[in-house]
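Chains A and B supply the protein sequences, listed in that same order. Convert by adding 42 to the 1-based position in the first sequence; the result is the number in my numbering. Convert by adding 104 to the 1-based position in the second sequence; the result is the number in my numbering. Cβ coordinates follow ideal geometry from the N, Cα and C atoms, glycine included. Each remark here refers to the structure printed beneath this line.
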Amino acid sequence: MKGLAFDLAHLLAGGLVLVSFMLLYQDRLYSLLNVFALQAVVLSLSVAWQAYVQGAPHLYVTAAIALVFKAIVIPVALHRIIARLGIHREIEVVVSLGPTMIAGMALVALSMVVMLRVTAEADPLAREDLAFALSVVMLGLLMMVTRRNAVSQVIGFMSLENGLILAATGAKGMPLVVEISVAFSVLVAFIVIGVFLFRIRERFDTVDVQALDRFQEGRR
Amino acid sequence: MNLSDLNGVTLILAIPAASAVVLALTPGYLVSARLNMLSAFLTFVSALTLFAHKPDTGSYILVDDLNIVFIVLNTFVAFTTSVFSASYIAHELEIGRLTPIQLRFYHTMYQVLLFAMNLALTANNIGLMWVAIEMATLTTVIMVGIYRTPEAIEAAWKYFILGSVGIALALFGTILVYMAARPVVGEGLGGMDWTVLLAHVSAFDPAQLNLAFVFLMLGYGTKVGLAPLHAWLPDAHAEGPTPISAVLSGLLLNVALYAVLRFKLLLDANSGAIAPGPLMAILGLVSLVFAAFMLYRRRDIKRMFAYSSIEHMGIIAFAFGIGGPLANFAGLLHMIMHSLTKSAIFFTVGHIAQVKGTQTIADIRGLTVSHPLLGWGLVVGVFAIAGLPPMGIFMSEFLVVSSTFAREPWLAIPLVIGLLVAFGALLLRLHGMAFGEPSGSNAPVKASWAPIAAHFALVLMAGIYLPPPLVAWFQHVASLLR
Numbered sequence: 043m044k045g046l047a048f049d050l051a052h053l054l055a056g057g058l059v060l061v062s063f064m065l066l067y068q069d070r071l072y073s074l075l076n077v078f079a080l081q082a083v084v085l086s087l088s089v090a091w092q093a094y095v096q097g098a099p100h101l102y103v104t105a106a107i108a109l110v111f112k113a114i115v116i117p118v119a120l121h122r123i124i125a126r127l128g129i130h131r132e133i134e135v136v137v138s139l140g141p142t143m144i145a146g147m148a149l150v151a152l153s154m155v156v157m158l159r160v161t162a163e164a165d166p167l168a169r170e171d172l173a174f175a176l177s178v179v180m181l182g183l184l185m186m187v188t189r190r191n192a193v194s195q196v197i198g199f200m201s202l203e204n205g206l207i208l209a210a211t212g213a214k215g216m217p218l219v220v221e222i223s224v225a226f227s228v229l230v231a232f233i234v235i236g237v238f239l240f241r242i243r244e245r246f247d248t249v250d251v252q253a254l255d256r257f258q259e260g261r262r
Numbered sequence: 105m106n107l108s109d110l111n112g113v114t115l116i117l118a119i120p121a122a123s124a125v126v127l128a129l130t131p132g133y134l135v136s137a138r139l140n141m142l143s144a145f146l147t148f149v150s151a152l153t154l155f156a157h158k159p160d161t162g163s164y165i166l167v168d169d170l171n172i173v174f175i176v177l178n179t180f181v182a183f184t185t186s187v188f189s190a191s192y193i194a195h196e197l198e199i200g201r202l203t204p205i206q207l208r209f210y211h212t213m214y215q216v217l218l219f220a221m222n223l224a225l226t227a228n229n230i231g232l233m234w235v236a237i238e239m240a241t242l243t244t245v246i247m248v249g250i251y252r253t254p255e256a257i258e259a260a261w262k263y264f265i266l267g268s269v270g271i272a273l274a275l276f277g278t279i280l281v282y283m284a285a286r287p288v289v290g291e292g293l294g295g296m297d298w299t300v301l302l303a304h305v306s307a308f309d310p311a312q313l314n315l316a317f318v319f320l321m322l323g324y325g326t327k328v329g330l331a332p333l334h335a336w337l338p339d340a341h342a343e344g345p346t347p348i349s350a351v352l353s354g355l356l357l358n359v360a361l362y363a364v365l366r367f368k369l370l371l372d373a374n375s376g377a378i379a380p381g382p383l384m385a386i387l388g389l390v391s392l393v394f395a396a397f398m399l400y401r402r403r404d405i406k407r408m409f410a411y412s413s414i415e416h417m418g419i420i421a422f423a424f425g426i427g428g429p430l431a432n433f434a435g436l437l438h439m440i441m442h443s444l445t446k447s448a449i450f451f452t453v454g455h456i457a458q459v460k461g462t463q464t465i466a467d468i469r470g471l472t473v474s475h476p477l478l479g480w481g482l483v484v485g486v487f488a489i490a491g492l493p494p495m496g497i498f499m500s501e502f503l504v505v506s507s508t509f510a511r512e513p514w515l516a517i518p519l520v521i522g523l524l525v526a527f528g529a530l531l532l533r534l535h536g537m538a539f540g541e542p543s544g545s546n547a548p549v550k551a552s553w554a555p556i557a558a559h560f561a562l563v564l565m566a567g568i569y570l571p572p573p574l575v576a577w578f579q580h581v582a583s584l585l586r
């Protein structure tokens, strides 16, 4: 049982990293949303498995929140925003695919090396979860840097938060306060983002963040 | 809740929280501006009672000699800013930059922000502290974007993205601290309780603590505005309402710095971990020198003072990084002086920008001729922030420099260069704005002088004479910081 618990947790956390890579090379917004929803499902499974293994029923709540909000509500809402703005065909990457993927691999390797070496004394399940979680966080950051469309930056940020939730649930017995707050913060963040997207729409005909930059010129 | 629970801490949390609800329901802006003031004042008074009676340390709330200084400073500047805000927004409403609905929203957010900052300062649980700082970030993001101009939206978006990334890194660091604590403290609340952590930190795995601190330093450092993570700060200061610029510079940066200090104390207590001081000192020094040179190229008055905030947060982080009784004392004093001076400068600048109708430095000329009080207020403020005697910042900067000479003479060279460069830049810009042929509107200004005068008086007093009990208190707090 111990072996199975370990392997499944490993599989799911590794799956999360894999889906993060998939996010990196999506160049259309709808497919990006679908992959993000997939990531949320994997996260939810991973959290639920942790809840079962650790015998910590409150983690099921976190899993449910991940499933309902991140896999269903947010993708659907963003889908609508994209449809309303008519930007679904847009292909927008700042850095081309090859370098992005190579950078992503380097970041994952870096996270593994750092985390596994540093946490040599922690229990194996938690430490490998943490290494995967750091990889997901790094890939989320990379995505935010290499995209310039507001919607994909938001998705990059949320995938980064997925990594944080993986880390928080992997740390056995971490107080509930934090999990709820993380989920809560995602919600609040989403509201803020929603407001912003509409405000950006009021002023510009695009949600391309670079369009905002021209207001910067001449003031620097 | 029974009456015995009613202590200073519950009050400084409950008053802003309750006022936020009340203000959300109050339609008239005159009433709500006054309510805002009243609530901020009551919060300040409640914070003062903490000196007399410190509540017991619980698993969520901690009041010790270190954070009382932050809380009192925080609530005081929040109160004076609310006074300034009342006259500022009256003008914004007149010229139609804000609608009554937006104002209601603005007042509510102001109180939520105060609540979040007080919670972050009193939290004993590192998870709770993180939640509070995130909440403070989100409220300020909304307030920065309140004017809805393209520039304001851009600034808010940039602030939101960079602030969220910083805060995400800080959460990862918080989780790592818990992971390091778990084998020693056990599972559950204890692993996030700061006092418990401090008691057991010497037994933690140093490698994990090191890694955690790197994340925490970068995460909360983004919120402090340390270079190279400062990119959000000038935009957020320049495009939001001026009271928010004052609160950001005077308070929120301090709150983030307080979080860094708490974790620095943890690392200091573990003999195997890296010394956190040098990392802070380097980041602080880089911010100071970088911001000092950036000051020369600024064309927007609020943006210029935002860079000056980066410079001063750099000095403060540097002083705490150097450590030792004298440098910590200087850091604390400088933090207080900077908060008071910078918020007073923003009050003055807010009125100047309103009466002249512009924030562009080149379009503001001859203020001492057209508006003597405002003009000389700006002169006093810039003299104070540039570190001229007899103002308090001169004294704290002098202490920082002399303690650096005593400890690490080489570091004093870039420090002094940074200070001098910033000094030159500020005076250069001041000259054009304050003197010469006046430009723009000559209309009389309905300013609120009391907060500006109160802040400058305090700064002047600190520069001339610090009462011995206050010095003893600061020395005591500085010794807590190692």
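- Straight through space, the alpha carbons of B/A240 and B/S543 are spaced by roughly 38 Å.
- Counting every other CB atom within 10 Å of its CB across the protein chains shown gives A/V118 a total below 16, marking it as exposed.
- Chain-ordered listing is empty here: chain A has no CB closer than 7 Å to the CB of B/E415, the nearest sitting near 18 Å.
- For B/W234, the number of other beta carbons within 10 angstroms of its own is at least 16, and it is reported as buried.
- With the criterion set as a beta carbon lying under 8 Å from some beta carbon of chain A, the members of the region 219-231 of chain B are N229 and G231, in sequence order.
- By the CB criterion at 9 Å, B/T244 and B/L352 fall inside the cutoff.
- For A/M147, the uninterrupted alpha helix (DSSP H) run begins and ends at L139 to V160, by DSSP.
- At the C-beta level, B/L166 and B/T278 stay beyond 9 Å of one another.
- Taking C-beta atoms as the reference points, B/L146 and B/L115 count as a pair closer than 9 Å.
- In the structure shown, B/A227 adopts extended strand secondary structure according to DSSP, grouped into three states.
- If one requires a minimum length of 4 residues, the alpha helix (DSSP H) runs lying completely within the region 260-347 of chain B are 298-304, 310-328 and 336-343, in chain order.
- Listed in chain order, the non-local C-beta contacts of B/V581 below 7 Å within the same chain comprise D169, L170, V173 and L436, local neighbours out to five positions each way being set aside.
- At least 9 Å separates the CB of A/V77 from every CB of chain B.
- For the 9 Å CB-CB criterion, B/V181 and B/S447 form a contact.
- The C-beta distance from B/S186 to B/M221 rounds to 13 Å, too long to fall under 8 Å, and the pair is not in contact.
- For B/Y411, the uninterrupted alpha helix (DSSP H) run begins and ends at I405 to I426, by DSSP.
- Look at the region 178-229 of chain B and you find these whole runs of alpha helix (DSSP H), each 4 residues long or longer: 204-226.
- Around the C-beta of B/D160, fewer than 16 other C-beta atoms lie within 10 Å, and the residue is accordingly described as exposed.
- At least 9 Å separates the beta-carbon of A/V77 from that of A/L109.
- Beta bridge pairing from DSSP links B/I165 with B/A227.
- A/V156 belongs to the set of residues whose beta carbon lies under 9 Å from a beta carbon in chain B.
- When C-alpha distances from A/L66 are compared across A/I197, A/L208, A/A192 and A/P99, the shortest belongs to A/I197.
- What A/M186 touches in chain B, judged by beta-carbon distance under 8 Å, is I265 and V269, going in chain order.
- Chain-order list of chain B residues neighbouring A/Q195: I265, by C-beta distance under 8 Å.
- Counting along the chain, A/A90 sits inside the alpha helix (DSSP H) bounded by residues L71 to Q96.
- In the three-state reduction of the DSSP assignment, B/T508 falls in the helix class.
- The bridge partners DSSP lists for B/T464 are B/D404.
- Taking each of B/A303, B/G290 and B/L322 in turn and checking the Cα distance to B/S268, the smallest one comes out for B/L322.
- Residues are counted here when their Cβ sits less than 7 Å from a Cβ of chain B; for the region 197-208 of chain A these are F199, L202, E203 and L206, given in chain order.
- Taking 9 Å as the Cβ-Cβ cut-off, the region 158-185 of chain A approaches chain B at R159, V160, T161, A162, E163, A164, D165, A168, R169, L172, A175, L176, V179, G182 and L183, given in chain order.
- Of the candidates B/I348, B/G528 and B/L320, the residue whose Cα lies closest to the Cα of B/A256 is B/I348.
- By the Cβ neighbour-count rule, B/F367 is buried, with 16 or more other Cβ atoms within 10 Å of its own.
- Nearest C-alpha to A/F63 among A/T211, A/V150 and A/V155: A/V150.
- Interface with chain B (9 Å Cβ-Cβ cutoff): A/K112 is excluded.
- Sequence-distant Cβ neighbours of B/A526 in its own chain, meaning closer than 6 Å and more than five residues away, are A396, L399 and E415.
- Close to B/Q206, with beta-carbon spacing below 8 Å, lies no residue of chain A; the smallest spacing is near 12 Å.
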